[in-house]
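Data first, discussion second: the structure below is written as structure tokens.
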Amino acid sequence: METPLIPPGVKRCPTWQFALWMAAVGAVLLWGVYAMILVWWKGLNQTNMNDAYGFALWIWADLAVIALGGGAFFTGFLTYIIGKDKLKGIINYAVIIGFICYSSALLILAIDIGQPLRGWFIFWHANVHSMLTEVAFCLSCYFGVLTIEFIPLILENPRLAAKPFLHHLSHNMHEIMAVFAATGVFLSFFHQGSLGGVAGVLFGRPFAYREGIFIWPWTFFLFTWSAAACGPCFTILVTWITEKITGKKLVQQDVIGLLAKIAGWMLITYIIAKSIDTLYWALVTAPGMGFTLMDFYTDHPIYNIGILFAEIVLCGFLPALILITRRGRENGFLLILSVLLAVLGCSINRWVMVLQVMAVPVFSFESWFLYSPSWQEVATTILPVAYGVILISLAHRYLPVFPQEKELNPAN
Amino acid sequence: MKIDRRKFLAGFSACVGGGAVGSMLSPLPWKVMDDVAIWTQNWPWTPVPQDGRYSYVQSVCALCPGGCGISVRKVKSRAVKIEGLKDHPAGNGGLCPLGLSGLQYLYGPARVKSPLKRVGKRGEGKWQPISWDAAISEVSQKLNELRARNKPHSLAWISGENKGILAGLIDRFLKVYGSPNVLRDSTAHDAIDQAAYHTQGQRGTVFWDIENADFILSFGAGLMDGGWPLARMNGFPKSADGGKTLIQVEARLSDTAAKADLWVAANPGTEGVLALGIAHVMIRELIYNIDFINRQASGFEDGVMGGDQVLQGFKSMVLEKYKPEKVSGITGVPVDAIFDIARRFAKSDKAVAVCGRGHGRVAGCMDEALAVHYLNALKGNIHQPGGVFVVADPDYVRFPEPGMDKIAEYGLGQTRVDGAQSEKFPNSRYLLHRLPEIINTADGDSPVQALLVSGANPLYTIPDGKSVKKSFDKIPFIASFSPFMDETAVYSDVILPDHTYLECYRDIVSQGSMDGIVVSLAKPVVRPLYNTSHLGDVIIQIAKALGGYIETAFAWKSYESLLEETFADNWETITSSGYIRMNPQIPGTVATSFNTPSKKFEFNINAGAPEAPFSSAFEKIAMEGDAQNYPLTLIPYDSIRLAGNYPANPPFMTKIIDDTVLKKTHGCIEINPATAKQLRLSEGDAVKLSTPRGEADVQIHLYEGVMPGVIALPRGLGHTAYSEEWGLYGKGVNVNDLMGPIEDPVSGFNMAWGIRAKLTKI
Amino acid sequence: MFPFVFEWVWDMSHMVFMGGLWYALTIMGLGLTYCIIKALIDTRQKKGGTHGGH
Amino acid sequence: MKESATHETARRYGMVIDLDKCTGCGACMVSCYAENNVPFKKDESNKLDSINWIRVVKMTNQKPYPDTQICYLPMPCMQCDGVGKHGHSPCVSVCPAVATDYDFTTGIVSQIYTRCFGCRYCMAACPYHARKFNWWDPVWPADMEKYLSPNVSPRMRGVVEKCSFCFHRYQLARDKAYQEERAELEENEYQPACVEACPVKAMTFGDLNNPAHAVYELKNHKHAFRLLERLETNPKVYYISSKEWVRRNGDNYLPDEAPGRLKSKAKARH
Amino acid sequence: MSISDLEHAVDPNLGAADHPPQKSSGWVVFFCFMIGLVGSLIVGWFLFPQWLYSEKHQPIDFNHSIHMDNVSDGCNSCHFFREDGTFSGIPDLSACTDCHQDVIGSDPEEEKFVTEYVAQDKEVQWLSYFRQPDCVFFSHAAHVTGAGMSCESCHGDIGYSTHSKVYQENIISGYSRDIWGYSISRFGKPGEHDGKPMKMNDCAKCHLEETGSKGACFQCHK
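Chains as they are written, first to last, in the numbering used here: chain W, 21 to 432; chain F, 15 to 776; chain L, 10 to 63; chain P, 9 to 278; chain R, 912 to 1133.
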């Protein structure tokens, strides 16, 4: 008898349905791959970036997926180091989402550079003072950690697990997972922080630059903290979407609730810290450089002051307050709304720290620098989404991602 | 042992795994990774300039009449950079961006690489390369045919060469051939020099001694907008550590106006009126040079001349007609300002008034030139350091008088096709802008049966492009000597490409200074790149092919031998130092130099109609179009970043044009924000610009520095020829296509400075 | 990245930064090696182990 | 290489540009293109992807006609010394691959095209937009490759470039000095192409640390200022303008501040 | 690949009973692994270096030694400094024609040189063993005049060679092999007669030893 590919005791959709779904997502993926090849072949002139707008959509996407992929390190931290065993119900999925996010981030970086074949210079000829070096190192290392965390799960596929060596390998890796997780936390803590530093150290860009303790450790801390807060929210959101699509309950609600509660407290502390940072920047740092707060905003639909309100109040305080109250968490709609807002808030923050930094004129005689992405940029940014969907679909179908699935869906 | 599929797979994977581990332990992946990176550092399609011995060739720039000295850096046989030549009197080490871009002409894609004969329709751009012999016989056959038909005077030559040996050769060629029709591009000097002739009786070129002046009152001259020798710009802008005082009269805040100590925003076309308003104040306040006027001038006071007819003098005319209040009303310049300017001008140690709009490529109005010249006379700075000099043209080009046959004598006896030197315009030498209309309105055959063009691009530069093209269609034979595929070359029947100035010898006559006129020698910096031939040699060849007296008149072996022969004793000096000076000026020799009947400076205000200056007193210079349909005034402006005339902007220059002048293919029109607001136009709007002569799509650029109600368009855009890779093809608007010429009643010169226009949103 | 590349300087920032990097890489490398060797030994010893049990 | 904070700068080459003299002719730009093998495209009207090592920016005082004034501002790379003049210019510290560094012997910020891999972080860091990216492969049509100078290597697609103060001229001058067995360069031996080309001599170049050089005095002119001084980028390009509005445009000020009255730490500059 | 393929990727005919015992397949796996390992090591260490370089011959087999005997100023006689301090590098044809206007010896290479190049006024396309890429500014003046280094210290004893050695060109990067050095691993020292490898780190090493600093980027780059 052949060992089945699909884990025993769970029900999966028929092959044709799955194939159709994969084909649809695959088409989007191919579109992205085509755009990616175009960019590699013809160069960055395929984008709408320019000399004043050197960082754009891609770098935002990069920062955003890294922040949202922070669910992996933080959940790993809680599970393996703090010992919140309950979270084992979701840690596998958090790891997969993290894996997708980080591999996407690396791919985007490889597309975003003008000379991809020299990309390894960042490692070989590293300038240790550059935030980007730190990001690249920790990002790649942490991606390695995520791969290590992902491998045992893959090895749990029934057919692979049938091989004794692979089975033992999987088992042994599980045994020392806490060591890897600790390393991952260490790495994440640094690169999330460095990503904050990427904009924060730009002392030629008054919109991004922070002074004194507000650059270190504050900016670093804010990014790490917000990733720790919003990463789990993203994990919850993706889990919820997966549940909706598969039509099954996959993770026990109290697991979600615990994660949401922790994320809520992280978020509220983060947003308070962020508000302090913003106030100091608006009232002290910027005026010291000759700017008023409103110099940084214009009446443009994207670059207006509303974006600050959206980031801090609408997508910051509001979801944080919902998540730290038990009734808010227990209300299904409010829970999903607030994790969604938190994810949006984090994305807005990364957007502002990348794109608005470029858009704000530094000289009084300059005007705002505006930019809209080319289709190649959009396609390559959607590419990781399609790739993520495919990987999640495959993982869900063939791997025992959700340990609680069997007991939550006994009828199957 | 049985090898089943499973075992095979396992073995295969192990082998691959072993291979992977082994590779990583070998240099292969690492070295390949490194070498691939090195490959990206040396992509074969990114050029690597070859190194070699560096050398410098000193020569002279021939891209505008400035004639600045250049030093060309060479690596082996390649010319790699043009820089200003220190210690050269023109330019004084400086070069304008055009001069610095010279190598782009030399190596650029717009070069005509061999003689070409048209095979398609005219202007279609289909060519067949032909040999030089064939090209010369194409021209000589046509010219022989005209002589055979006893129509030598139907040959015309439009030339950019104004002075020097080539100009002499062209003049001589047409003379022995039998045509009076040498036509030259106009410059502001046409009117300015004629004004000097009217008042001083001297033929020659006017130069303003800006180098020695400390106060310059400029009526729209683009002193810092290019087209002027760079030496003039040097030390000009007043800064903390001194400099000259400059007052700029102009309707638009040009770069010159921006650098001026005072920018006087006068209504366009009223510069002459303002000059007389200033004269009024000087006379009224007795701050003119009374000594000079009393001793050296005539016609200042009223006088009696023949019978009892009282001739009004300049003084009473100006006092009567140009009261500051009235002048202020016309020019828009406040009365106080008129007084202020007059007093500052009069009281400065060495002040000079200059004119000629922008680059000075339009002849302009005689009234205006005279008014400004009178202002200088009032200042008494005629032939004084820091003043105005009239310098006789250099006379080193002296060919023996040629013999002529009957046909030539007959042809020369005919009137010129453009009406210059006629009874109506006896003092005007060339009136090129009149040519299209004359051809277009002629009965029967075109009065021009064959047209030769060298150093000029009339199809682009003559106003009212549509009618120019129409007239060219009527000319049966057009030959171009252009080294570049310019608009006129594209529209010709045969092209006999000249060398560029960097490939051959050529004498260049610069504008003068007190030390004399500078004649520089352009030297071959590199060997000719393509199958081109020096225009001088081509003329000799054509003459040879025509035979007879013509051949005899051009008995030189080559242009080079002619050049050496011409400079004779000076040859050594000019080849070693690169230039010679001629006709140095001795200041103060006024009395001996006036060549008028009175031997004095003549305020010749009513010498009799129709030449009488100031016939249009109080009026601003006429402008085409009615205010009803065309509520705005369009003025062209010159910029140092745009070669407005010949040849077209090279890519480097196009690269430095602001995006508020040219945006993608759209030319931008400058409009005052207040005017734009009235018309509900905002920055970047696409609009249709219409004038009585044509229309064009342009983009709005709001500029506070342009007068409300006036819109401004740069000269030098809207090219339809050259190579596409040249970067100028089909970009912007040729303002000459939107304007027609306006004839000055006295001289026949084109004096159009603007045209009525309107803007409609699209 | 290595002391023999051009950019390397023996200063505090290099040692701290690269120290962190090599520390992480070592942990990952050693951890993986340990798991693989242990899995090989386990396999040789035909150690049982329930499917998916950890 | 990143040196310790105590490193003494031997020479600090810098520039003083007299804006009162500059006529905006653009000769500096063209001279720079020709000197440094700067490529051109068919359309250069999008100034945001047009490679210029020195740009001449046109500023106006925004006043209505006829009180309008314009001023041209030539902007090469400012060769920032960075906070505390330790070579931590905004761009150098951010480059992940040491493709750009601060040369402590001349104070010039280098850019090595073959090292750059095109991450554009330095461009994001530079407030002066002095850095330009090669979005396209450089192309010289017809025979135009023949005018390329061997002293400056043409840049390939996908890397950042910027003004080097014509460093190759310094290299060549040093070669000549070696040949003549001299250790020091004369002031006029090393001058960037833009400075040499300026027809009105608005630009002065030399060693800001050397009292014998003209820039040494000029930088202390009462109307001297630098761009965005308050950001503490410490540029080595100084400007002189007698016009208050021009000096004000050089930096950012709150409505109640004025350049002259500002008590900023950046003011202690020389 | 369809999903059902994936699910049935293994031959259904192979029942569990057919599975060979794990023990015997272990040796097969080990053996195959070793084949892969050893094979790739041979490829990487021995075949790859040969494949990486294409061999070219100089257009003329130049005899440095014989010229050295006939010139008064050593290398400097032909490879000299110009007045402006730049280094002339490989001489142009004009430097050779002073002597080689006609064939003066009996070497067939010389005859070839005279008939194919001198007579036709054609420059010889010499292959430069030590040419640095375009991004490098190398000042011979700084090293020879400034630091007093001998030519041999970098170029080895090429000046005493009687034949031009084969020029090996990296088929990916286009560099001469002399830049990298003849050892693919760059372990060990160059041979007694070879020039020194000239990668950036080689320059840096010497600079560090001689000047105390590797130097700033612009010292050697352009």
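For glycine and all other residues, C-beta sits at the position ideal for the given N, C-alpha and C.
Beta-bridge analysis with DSSP links D215(P) to Y21(P).
Taking 8 Å as the upper bound for CB-CB distance, A690(F) and L752(F) are not in contact here, some 19 Å apart.
Among the residues of the segment 135-147 of chain W, those with a Cβ less than 8 Å away from any Cβ of chain F are Q135, L137, R138, W140, F141, in the order of the chain. Residue contact check for N56(F) against chain R: a CB pair falls below 7 Å. Residue environment: L1119(R) is assigned as exposed (fewer than 16 neighbouring CB atoms within 10 Å of its CB, all protein chains considered).
The Cβ atoms of P542(F) and E517(F) lie closer than 7 Å to each other. Contacts with chain P (Cβ-Cβ distance below 8 Å) from the segment 214-227 of chain F involve no residue at all.
For S983(R), no CB of chain F lies under 7 Å from its own CB, so it is not counted at the interface with that chain. When only Cα atoms are considered, A222(P) and G214(P) end up about 7 Å apart. Looking at the backbone, the Cα of M721(F) and that of L727(F) are separated by about 13 Å.
Per DSSP, the unbroken alpha helix (DSSP H) holding Y424(F) starts and ends at 420-427. Taking all protein chains shown into account, N257(P) has 16 or more neighbouring C-beta atoms within 10 Å of its C-beta and is therefore buried. Restricting attention to R225(W), I288(W), L390(W), I26(W), the CA atom closest to the CA of D319(W) is found in L390(W).
Per DSSP, the beta bridge partners of R132(F) are W141(F).
When C-beta distances to chain R are compared with 8 Å, the residues of the segment 12-32 of chain L below that value are F13, V14, F15, in chain order. With contacts defined as CB atoms closer than 7 Å, Q119(P) and E52(P) fail to qualify as a contacting pair. With a cut-off of 8 Å on Cβ pairs, the segment 1066-1076 of chain R is in contact with the segment 974-982 of chain R, counting three or more such pairs. Per DSSP, reduced to three states, the secondary structure at D1068(R) is coil, with no helix or strand assignment.
Judged by DSSP secondary structure, W59(F) falls outside any beta strand (DSSP E); it is assigned neither H nor E.
In the three-state reduction of the DSSP assignment, C29(F) falls in the helix class. Within the segment 939-1027 of chain R, the runs of beta strand (DSSP E) at least 3 residues long that lie entirely inside it are, in chain order, 964-967.
Across the structure, G602(F) and Q398(F) are spaced so that their CA atoms are roughly 6 Å apart.
Just so you know, the alpha carbons of M499(F) and G744(F) end up roughly 14 Å apart.
CA-to-CA, the gap between L49(L) and A28(F) works out to about 14 Å.
Each residue's CA atom was taken as its position, placing T298(W) and P664(F) some 50 Å apart. In the structure shown, M596(F) falls within a strand segment according to DSSP collapsed to helix, strand and coil.
Within chain L, the residues whose beta carbon sits less than 8 Å from that of N1112(R) are F13, V14, F15, listed in sequence order. Taking the Cα of Y410(F) as reference, the smallest distance to any Cα among F666(F), S534(F), G458(F) is reached at S534(F). Those residues of the segment 135-168 of chain P placed with their C-beta closer than 7 Å to a C-beta in chain R are N159, V160, S161, ordered along the chain. Taking C-beta atoms under 8 Å as the contact rule, G215(F) and F617(F) fail to qualify, at a distance of about 13 Å. Nearest CB-CB separation between A72(W) and chain P: below the 7 Å threshold. Within the segment 38-54 of chain L, contact with chain W at the beta-carbon level (separation under 8 Å) is assigned to G40, L41, Y43, C44, I45, K47, A48, L49, D51, T52. Fully enclosed alpha helix (DSSP H) runs of no fewer than 4 residues occupy 326-329, 338-344, 346-350 of the segment 299-354 of chain W, in order along the chain.
Taking 3 residues as the minimum length, the beta strand (DSSP E) runs contained wholly in the segment 32-68 of chain P are 63-68, in order along the chain.
In the DSSP annotation of this structure, G268(P) is not part of any beta strand (DSSP E), being labelled neither H nor E. At a beta-carbon threshold of 8 Å, the residues of chain P lying near M378(W) are A132, ordered along the chain.
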